[in-house]
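Step one of this worksheet: look at the structure below.
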Amino acid sequence: MADSLYMSGDSARAGATFRQCFCMLEEVIRDEPINFYQALSFNTPFRLPTEELLKVYLYHLHQLFNLKRHGEPIARMAAATHLLATEAACHLLPSIYRMNDITADYYRKIRGETGMESLEARMDALILSEGEDKSQECNHIIECFRELLNDTISQFGTCSVEAIFVEHWQIDAATSLDAPSDDIVRLCEDHISRLIASNDDRRLCDWSLLSLDRYESVQYNLYKVFVESGDMQRGILHLKDSILAAEYAVSRAVDHDWKTSTACQLLQNQLELVDCLSVMGQVDEADGIKAMIAASEYLEEVVQNDLGENFAELLAC
Numbered sequence: 112m113a114d115s116l117y118m119s120g121d122s123a124r125a126g127a128t129f130r131q132c133f134c135m136l137e138e139v140i141r142d143e144p145i146n147f148y149q150a151l152s153f154n155t156p157f158r159l160p161t162e163e164l165l166k167v168y169l170y171h172l173h174q175l176f177n178l179k180r181h182g183e184p185i186a187r188m189a190a191a192t193h194l195l196a197t198e199a200a201c202h203l204l205p206s207i208y209r210m211n212d213i214t215a216d217y218y219r220k221i222r223g224e225t226g227m228e229s230l231e232a233r234m235d236a237l238i239l240s241e242g243e244d245k246s247q248e249c250n251h252i253i254e255c256f257r258e259l260l261n262d263t264i265s266q267f268g269t270c271s272v273e274a275i276f277v278e279h280w281q282i283d284a285a286t287s288l289d290a291p292s293d294d295i296v297r298l299c300e301d302h303i304s305r306l307i308a309s310n311d312d313r314r315l316c317d318w319s320l321l322s323l324d325r326y327e328s329v330q331y332n333l334y335k336v337f338v339e340s341g342d343m344q345r346g347i348l349h350l351k352d353s354i355l356a357a358e359y360a361v362s363r364a365v366d367h368d369w370k371t372s373t374a375c376q377l378l379q380n381q382l383e384l385v386d387c388l389s390v391m392g393q394v395d396e397a398d399g400i401k402a403m404i405a406a407s408e409y410l411e412e413v414v415q416n417d418l419g420e421n422f423a424e425l426l427a428c
């Protein structure tokens, strides 16, 4: 989201959002389960846009782990990764990829070939791999998810929470591993039908928060598929549906973390909608979305928090 704000010319709020991400790392390290550390250490580095930001991130992560998890293996790993970034940067990402590969092999040995954790870990490793033909293994993972979904439906029911959870991961695998567009569209449409049935055909605004979150995600996936295939107008319709679901979720969420996550996703989708509308020449509608972004309570909270933290640092000097 910070990158999108920067690209839109809003460098002040982009900076505040970047800094907020770093501040949230301390909460994540304190509160999240240990398997979340894999995302912080092995996945996030590949998503940072510049080498300079990557080095800052790894230094910050090293300092936090050293403070909050001193002496633990994860702290020593963070220290080693930071050292590699400063002294042998060219070997950093290949080394992290290798760690993803080792993690996938480890899960396969202890959880089996088709366990949920095994499939997720292998998927992460394949997404990051380069310079090799991975189509066969990607197809194998997607097929494993299909079989897992069938088993889950047989055990728990067609519209069970468990079936929806597995199907959601199946879609994530298909989109992340570049499955054919027609397959992704079919999977998404099946998932929407299952979500509608699980909510007893109620209006979208009356759906559970978890269902709204799933619906937002699957509509966003459909938007990406159609835009990438050249059908911008159809993609925009799905993006608007995604935004509508996020708006309902934000208005109903009570838990602060859930509300923050959903508000962030809503803002990201609105920024993308502005870009799409601008490309299509729908300037007036794009300006209306820009006004909504400017009035975002979430973004205002991020800026105010950033100002407060910086002011506190100035007082401490």
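Residue numbers for the sequence shown, in this note's numbering: 112 to 428.
Cβ coordinates follow ideal geometry from the N, Cα and C atoms, glycine included.
Short of 7 angstroms in beta carbon distance, which residues of its chain neighbour residue i, apart from the five on each side in sequence? Order them along the chain.
| i | result |
| --- | --- |
| Cys299 | Ile282, Val329, Asn332, Leu333 |
| Asp212 | Ala236 |
| Ala308 | Cys270 |
| Gln381 | Ile354, Ile400, Met403, Ile404 |
| His202 | Leu195 |
Alpha carbons only, please: which of the options is nearest the one belonging to residue i?
| i | options | result |
| --- | --- | --- |
| Met227 | Leu178, Arg180, Arg257 | Arg257 |
| Gln174 | Ala190, Ser152, Asp301 | Ala190 |
| Ile404 | Asp317, Thr197, Glu358, Thr161 | Glu358 |
| Thr155 | Tyr208, Gln381, Gly182 | Tyr208 |
| Arg180 | Thr197, Phe153, Tyr148 | Tyr148 |
| Phe157 | Thr197, Lys370, Ala397, Ser206 | Ser206 |
| Leu259 | Glu231, His202, Thr286 | Glu231 |
| His349 | Glu339, Lys335, Gly341, Ser340 | Lys335 |
| Asn261 | Thr197, Thr225, Thr161 | Thr225 |
How is residue i classed by DSSP in three states: helix, strand or coil?
| i | result |
| --- | --- |
| Glu198 | helix |
| Asp283 | helix |
| Asp289 | coil |
| Ala405 | helix |
| Glu383 | helix |
| Ser152 | helix |
| Arg313 | coil |
| Glu183 | coil |
| Asp342 | coil |
| Leu410 | helix |
| Ser372 | helix |
| Leu355 | helix |
| Leu378 | helix |
I need the boundaries of the alpha helix (DSSP H) containing residue i, first residue and last residue.
| i | result |
| --- | --- |
| Glu162 | 162-179 |
| Cys299 | 292-309 |
| Met391 | From DSSP, Met391 is part of no alpha helix (DSSP H); its letter is neither H nor E. |
| Pro205 | 203-222 |
| Asp366 | It is not in any alpha helix (DSSP H) - Asp366 carries neither H nor E in the DSSP assignment. |
| Cys255 | 246-267 |
| Leu333 | 320-339 |
| Lys235 | For the sequence presented, residue 235 should be read as Asp rather than Lys. Taken as a continuous stretch (DSSP letters only), the alpha helix (DSSP H) holding Asp235 covers 227-239. |
Excluding five sequence neighbours on each side, which residues of the same chain lie with their C-beta closer than 8 angstroms to the C-beta of residue i?
| i | result |
| --- | --- |
| His302 | Ile275, Glu278, His279, Ile282, Arg325, Val329 |
| Met343 | Phe337, Cys387, Val390, Met391 |
Please list, in chain order, all residues of the same chain as residue i whose beta carbon is under 6 angstroms from its beta carbon, the five residues on each side excluded.
| i | result |
| --- | --- |
| Thr263 | Glu273, Ala274, Val277 |
| Gln376 | Ala357 |
| Ala150 | none |
| Ala215 | Ala232, Arg233, Ala236 |
Would the region 249-257 and the region 166-175 be scored as touching if the rule is three or more Cβ pairs under 8 angstroms? The answer is no - the region 166-175 does not touch the region 249-257, with fewer than three Cβ pairs under 8 angstroms.
Under 8 angstroms: do the region 270-287 and the region 315-334 share three or more Cβ pairs, one atom per stretch? Contact between the region 270-287 and the region 315-334 is present, because at least three Cβ pairs lie under 8 angstroms.
Three CB pairs or more closer than 8 angstroms across the region 383-397 and the region 359-370: No contact exists between the region 383-397 and the region 359-370.
Pair every Cβ in the region 260-274 with every Cβ in the region 290-298, then say whether three or more of these pairs are closer than 8 angstroms. No, because fewer than three Cβ pairs between the region 260-274 and the region 290-298 fall closer than 8 angstroms, the two stretches do not touch.
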